[in-house]
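Asks: Just add 2 to the spot in the sequence shown (first one is 1) and you have the working numbering.
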Amino acid sequence: MSQDPAVAAPPLPGPVFFDRRELDLILRVYGRMVAQGEWRDYSVVGHKDFAEFAVFRRSGDAPAYRIEKRPALQTRQGQWAVIGDGGQVLRRGRDLAQALRVFDGRRFQVVD
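(1) If we ignore side chains and look at the alpha-carbon of each, how far apart do Gln76 and Arg94 end up?
(2) Which whole runs of the alpha helix (DSSP H) in the stretch 51 to 114 are 4 residues long or more, in chain order?
(3) Starting from Asp26, trace the beta strand (DSSP E) both ways and give me its first and last residue.
(4) DSSP three-state call for Gly48: helix, strand or coil?
(5) Taking just the CA atoms, how far does Tyr44 sit from Gly116?
(6) Rounded to whole angstroms, what's the CA-CA distance from Gln79 to Ala66? Just pull it up for me.
(7) Kindly list the residues whose CB is nearer than 6 Å to the CB of Arg68, restricted to its own chain and excluding five residues on each side of it in sequence; keep chain order.
(8) Looking only at C-alpha atoms, which of Lys71, Gly39, Tyr32 and Arg72 sits nearest to Phe105?
(9) Would Leu98 and Leu29 be called neighbours here (beta carbons separated by less than 9 Å)?
Written out as structure tokens, the structure reads:
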């Protein structure tokens, strides 16, 4: 006996979130920036269309940076974006490690 296609609707998609490998890459950058004293707090949120990892300089501030995963943009400009505090896109790409390289320039600082 076959099932009516109208009755067997596909399940609704859940919220977008980061997998373990993606969180590992993001938390490595976060840990490095905390050790440098630049970041102090973070939040992780899974929305319907995208996931967001926001970092804060202080707990009460607006996010200094947001790392977003938007799977719908994967075939176009890339699903990963690093967004600055003013809302400007600092880097976008298909590969998370490549997008996170925007923070590599902050690794070494000149000391007087």
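Even for Gly, the Cβ is constructed at its ideal location relative to N, Cα and C.
Replies: Well, looking at it:
(1) Locating residue 76 in the sequence shown gives position 74, where the first residue counts as 1. Locating residue 94 in the sequence shown gives position 92, where the first residue counts as 1. Whole-angstrom Cα-Cα distance: 11 Å.
(2) 98 to 102
(3) Residue 26 sits at position 24 when you count from the first residue of the sequence shown. Note, Asp26: premise wrong, no beta strand (DSSP E); alpha helix (DSSP H) at Arg22 to Ala37.
(4) Here residue 48 is taken as the residue at index 46 of the sequence shown, counted from 1. In the structure shown, Gly48 sits in a strand (DSSP, three-state: E or B).
(5) Since the first and last residues shown for the chain are 3 and 114, residue 116 lies out of range.
(6) Against the sequence shown, residue 79 aligns to sequence position 77. Against the sequence shown, residue 66 aligns to sequence position 64. Separation of Gln79 and Ala66 (C-alpha to C-alpha, rounded to the nearest whole angstrom) is 23 Å.
(7) Looking up residue 68 in the sequence shown gives position 66. The answer, listed in chain order, is Glu54, Ala56 and Ile85.
(8) Position 103 of the sequence shown holds residue 105. Of Lys71, Gly39, Tyr32 and Arg72, the residue nearest in Cα terms is Tyr32.
(9) What you label residue 98 is simply residue 96 of the sequence shown in a count that begins at 1. What you label residue 29 is simply residue 27 of the sequence shown in a count that begins at 1. No. Outside cutoff.
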